[in-house]
Amino acid sequence: MLVKICGIRSIEDAIVSSLFKPDYMGLIFCESPRRLDAKIGKTIVMKLSSEKFIGVFQNNDIEEVINIAKICNLFGVQLHGKEDPKDIEIVKKNKLLAIKAFRIENNLPENLSEYKPDYFLFDKTKNCTSLNTKVLKEYNLNTPFFIAGGFNSKNIERIIKEVSKPQLCGVDLASGVEKDNKKDISLLEEFFKKLKK
Numbered sequence: 037m038l039v040k041i042c043g044i045r046s047i048e049d050a051i052v053s054s055l056f057k058p059d060y061m062g063l064i065f066c067e068s069p070r071r072l073d074a075k076i077g078k079t080i081v082m083k084l085s086s087e088k089f090i091g092v093f094q095n096n097d098i099e100e101v102i103n104i105a106k107i108c109n110l111f112g113v114q115l116h117g118k119e120d121p122k123d124i125e126i127v128k129k130n131k132l133l134a135i136k137a138f139r140i141e142n143n144l145p146e147n148l149s150e151y152k153p154d155y156f157l158f159d160k161t162k163n164c165t166s167l168n169t170k171v172l173k174e175y176n177l178n179t180p181f182f183i184a185g186g187f188n189s190k191n192i193e194r195i196i197k198e199v200s201k202p203q204l205c206g207v208d209l210a211s212g213v214e215k216d217n218k219k220d221i222s223l224l225e226e227f228f229k230k231l232k233k
């Protein structure tokens with residue numbers, strides 16, 4: 037199971053997260069309490085140059101996305117808004133890993149098959165407390181996907197069992213491994229123990 041630790045806010049966050057050897061770390065460049073500017077993002081990536089950083093964007097102009105990705109030397113890009121399939125193509129043409137994220141409630145998006153990312157990511161909607169795993173039973177594409185939405189050591193085993201799809205390849209962590217707005221080593225430790233069971 038791949039792991040992306042998202043919402044890295046500082047070099048300290050990145051160092052703590054790197055101890056657990058995540059596959060990817062996420063830097064947020066869109067409206068969010070964890071938002072970074074490109075200068076801070078670049079500093080974090082330079083400090084931990086062996087890690088694979090993914091930039092998270094939402095409804096940004098695609099040229100701006102590519103520009104920030106180049107400035108920060110990102111490994112990939114996650115588009116988390118109303119971007120269209122052509123934007124994913126542009127990301128991939130720029131030799132960046134492409135993740136297309138959707139917030140899901142009762143249905144998967146009708147036009148899902150038009151997108152050709154490396155991964156999908158399915159997240160809970162803002163008014164839901166957890167991801168609706170029942171909706172993912174309808175997923176029938178070959179593209180592997182991540183799941184996101186408040187995961188921690190107490191709920192991750194149950195959620196993975198509920199999804200139970202061969203295309204499920206990874207989990208995205210953020211608030212579930214934070215204490216006082218920082219990545220917490222003990223919460224990360226508990227999570228990875230459960231994940232590796």
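Under the numbering used here, the sequence shown has 130 at position 94, and the numbering climbs by one with no breaks. For each residue, glycine too, the CB sits at the ideal point set by N, CA and C. As the structure is a prediction and not an experimental result, all values here were calculated from the model.
Same chain, Cβ closer than 6 Å to residue i, five either side skipped, listed in chain order
i	result
GLU198	THR169
ARG70	GLY43, ARG45 and ILE64
CYS205	LEU38 and PRO180
PRO121	GLU150 and TYR151
Limits of the alpha helix (DSSP H) - the one that residue i falls within
i	result
LYS78	74 to 83
CYS205	Per DSSP, CYS205 belongs to no alpha helix (DSSP H); it is in the beta strand (DSSP E), 204 to 209.
LYS197	192 to 199
VAL171	It is not in any alpha helix (DSSP H) - VAL171 carries neither H nor E in the DSSP assignment.
ILE47	47 to 54
Extent of the continuous beta strand (DSSP E) run through residue i
i	result
LEU132	Per DSSP, LEU132 belongs to no beta strand (DSSP E) and is neither H nor E.
LYS232	Segment: none, LYS232 is in no beta strand (DSSP E) and carries neither H nor E.
ILE183	181 to 184
LYS160	155 to 160
ALA113	Note that residue 113 corresponds to Val in the displayed sequence, not to Ala. Residues 112 to 115.
VAL213	Premise fails: VAL213 is in no beta strand (DSSP E) and is neither H nor E.
MET61	60 to 64
Buried versus exposed, by CB contacts within 10 Å (16 or more), residue i
i	result
ARG194	exposed
ASN143	exposed
ASP123	buried
MET61	buried
LEU55	exposed
GLU141	exposed
GLU87	buried
GLU119	buried
SER53	buried
ASP49	buried
LYS219	buried
ASP208	buried
Beta-carbon contacts of residue i that lie in its chain and below 7 Å, excluding the five residues immediately before and after
i	result
LEU148	LEU177
LEU172	PHE158, VAL199 and LYS201
PRO145	PHE138
Residues near residue i by beta carbon distance below 8 Å, same chain, minus five either side
i	result
CYS66	VAL92, PHE93, GLN94, ASN95, ASN96, HIS116 and GLY117
GLU125	LYS152
Inter-stretch contact at 8 Å, needing at least 3 Cβ pairs: the segment 125 to 144 / the segment 153 to 165: yes
Every unbroken beta strand (DSSP E) within the segment 81 to 109, with a cutoff of 3 residues, ordered by chain: 89 to 93
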